[in-house]
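All residue numbers in the sequence shown are consecutive under this note's numbering, ending with 496. Virtual Cβ for every residue (Gly too), placed ideally from N, Cα, C. Notes follow once the structure below has been shown.
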Amino acid sequence: MKPVKHLRGASAACLLAVPLVLSGCSLFGSESAAVDPPPAAVEAQMLQVSGEDTLDTGVFGPASLNETDLSVGVKDTGAPAVAGERTTVYLEDQNGLLAPVALSFPKSEDTVMLKNSLTALVSKGDYASALPKGFQGVLPAGTIVNQVSVGQDHVAIVEFNSAFNDYDPADERKILEALTWTLTGQDDIKGVQLWVDGKKLTEMPLQGTPLDRPLARTMGINLPKHNALMMNSSAVTVYFAAASPDGGHQYYVPVTRFVPAGGDTVKAALSELIAGPQSENGLEMVMTQGTVVDSVKAGQNGVVTVSLTDDMFEGSTSIPEEMLESVVLTVAQNTDDSLVQIRLNGKDTVTGTNNVDYGQPVSAPEYVNELPL
Numbered sequence: 124m125k126p127v128k129h130l131r132g133a134s135a136a137c138l139l140a141v142p143l144v145l146s147g148c149s150l151f152g153s154e155s156a157a158v159d160p161p162p163a164a165v166e167a168q169m170l171q172v173s174g175e176d177t178l179d180t181g182v183f184g185p186a187s188l189n190e191t192d193l194s195v196g197v198k199d200t201g202a203p204a205v206a207g208e209r210t211t212v213y214l215e216d217q218n219g220l221l222a223p224v225a226l227s228f229p230k231s232e233d234t235v236m237l238k239n240s241l242t243a244l245v246s247k248g249d250y251a252s253a254l255p256k257g258f259q260g261v262l263p264a265g266t267i268v269n270q271v272s273v274g275q276d277h278v279a280i281v282e283f284n285s286a287f288n289d290y291d292p293a294d295e296r297k298i299l300e301a302l303t304w305t306l307t308g309q310d311d312i313k314g315v316q317l318w319v320d321g322k323k324l325t326e327m328p329l330q331g332t333p334l335d336r337p338l339a340r341t342m343g344i345n346l347p348k349h350n351a352l353m354m355n356s357s358a359v360t361v362y363f364a365a366a367s368p369d370g371g372h373q374y375y376v377p378v379t380r381f382v383p384a385g386g387d388t389v390k391a392a393l394s395e396l397i398a399g400p401q402s403e404n405g406l407e408m409v410m411t412q413g414t415v416v417d418s419v420k421a422g423q424n425g426v427v428t429v430s431l432t433d434d435m436f437e438g439s440t441s442i443p444e445e446m447l448e449s450v451v452l453t454v455a456q457n458t459d460d461s462l463v464q465i466r467l468n469g470k471d472t473v474t475g476t477n478n479v480d481y482g483q484p485v486s487a488p489e490y491v492n493e494l495p496l
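Okay, structure coming up:
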């Protein structure tokens, strides 16, 4: 992952995360390693939230590339890859989890770029050979994106051909998550509505997941299996690290967890980061369980200051990049995409193994997981 070289502006001086409060829902516990749909009551409530109440949607927006950047060409055109519009799509990794992957497509109109980004989600589709090793799309083979339009309500309407219905029922929620998180990564899209062969879907064809309202990021991503009852909880999304199949590259995976409602959202998210990933799901610890979150403060200039204590790094001059990047990504996801600065063991200078000083305000990378093919 490339170091954060530029700071991006933040418009809010306070934490603006909008946690999803779930009444009578189940907490997804720390013992299960399986990724599984939430209980029906939680499912309905997570999906039926207004598109205006999304968790952060601005971390991974589009940007133009120069000629030296990685780009992807459509196989069936026979045209060489050319620099174009970069965007982030959500693909399934070798562990069955969805992860953001930065891709570049031939320069085109916005709606064509959106179609290209969704076409990249098609299994064995036009872009399959141009995806990083170990990643694949979750839409069924043969799916065609007929049309994508975005209305004044910031809802993207996507129409597929009938092959969209030919998915494995176990993949139903994963498909919805991939589509929603890919499209709502664009600055002007807050929700997603699905159509198949000219007809609006009010529910998914096989498992009946309700689609009567636009899908939004409040639905979460990579939800772990539940095992404990909790009457009121809020959703937070944290970023763990994982390794490519050959172990040569690190990448980051978002995971939605549920925490007690009413507390400090960012501090709760960081506590989940410290607790670590579930076992046997391919994710790696990015912080030691001896890490303590001393404070999380939002300054008047919109910079969130995270103060940590960890005796393991006492006296260290170089802190693991994965730890610091995961903190930045997690804070940005659960605030209004704020700038972040980190204090560790009382020190104002916190240099990562990527030579970035996280003691100074940094932003979440414009494009996360820029992986080689």
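Cα atoms of F283 and K390: separation of roughly 40 Å, rounded to the nearest angstrom.
In this structure, DSSP gives K297 a helical state, which the three-state scheme calls helix.
According to the DSSP assignment, E448 belongs to the alpha helix (DSSP H) that extends over 444 to 456. Listed in chain order, the beta strand (DSSP E) elements of length 3 or more contained wholly in the region 332 to 402 are 351 to 366, 373 to 383. Sequence-distant Cβ neighbours of V427 in its own chain, meaning closer than 8 Å and more than five residues away, are L138, V389, V419, K420, A421, V454, T458, S461, L462, V463, Q464. Remark: C-beta atoms of E437 and G475 do not approach each other more closely than 8 Å. Three or more beta-carbon pairs separated by less than 8 Å are not found between the region 274 to 283 and the region 225 to 232, which leaves the two stretches without contact.
The C-alpha of F287 is placed about 11 Å away from the C-alpha of N269.
Beta bridge pairing from DSSP links A222 with L214. Y374 and Q330 have their C-alpha atoms roughly 31 Å apart. Within the same chain, and ignoring the five residues on either side of T242 in sequence, the residues whose Cβ sits closer than 7 Å to its Cβ are G248, D249, Y250, V268. According to the DSSP assignment, L467 belongs to the beta strand (DSSP E) that extends over 462 to 467.
Linking G469 to G413 through their CA atoms gives a straight-line distance of about 16 Å. N477 and M410 have their C-alpha atoms spaced approximately 17 Å apart. 8 Å or more divides the Cβ of K297 from the Cβ of V319.
Between D289 and G219, the alpha-carbon positions lie close to 19 Å from each other. The shortest C-alpha to C-alpha distance from D216 to any of N239, L244, T210 is the one to L244.
Each residue's CA atom was taken as its position, placing N345 and T303 some 13 Å apart. Under the 10 Å beta carbon count, K256 is surrounded by fewer than 16 other beta carbons and is classified as exposed.
S272 and K322 have their C-alpha atoms spaced approximately 15 Å apart. In the three-state reduction of the DSSP assignment, N492 falls in the coil class, being assigned neither a helical nor a strand state. One alpha carbon belongs to K313, the other to A398, and they sit about 30 Å apart. DSSP lists E208 as the bridge partner or partners of F228.
Annotation for N404: no beta strand (DSSP E) segment contains it, and DSSP assigns it neither H nor E. Annotation: K247 is outside any alpha helix (DSSP H) and is labelled neither H nor E by DSSP. L406 sits close to P400, with the two beta carbons spaced by under 8 Å.
The closest CA to that of D434, considering only V415, T266, P377, G371, is found on V415. The Cβ atoms of L431 and A487 do not sit closer than 8 Å to each other. Counting only residues of its own chain and dropping the five nearest sequence neighbours on each side, M327 has a CB closer than 6 Å to the CB of E295. In the same chain as V473, and ignoring 5 residues on each side of it, the C-beta atoms closer than 8 Å to its own belong to I442, L447, I465, R466, L467, D480, Y481, G482, in chain order.
Judged by DSSP secondary structure, F258 falls outside any beta strand (DSSP E); it is assigned neither H nor E.
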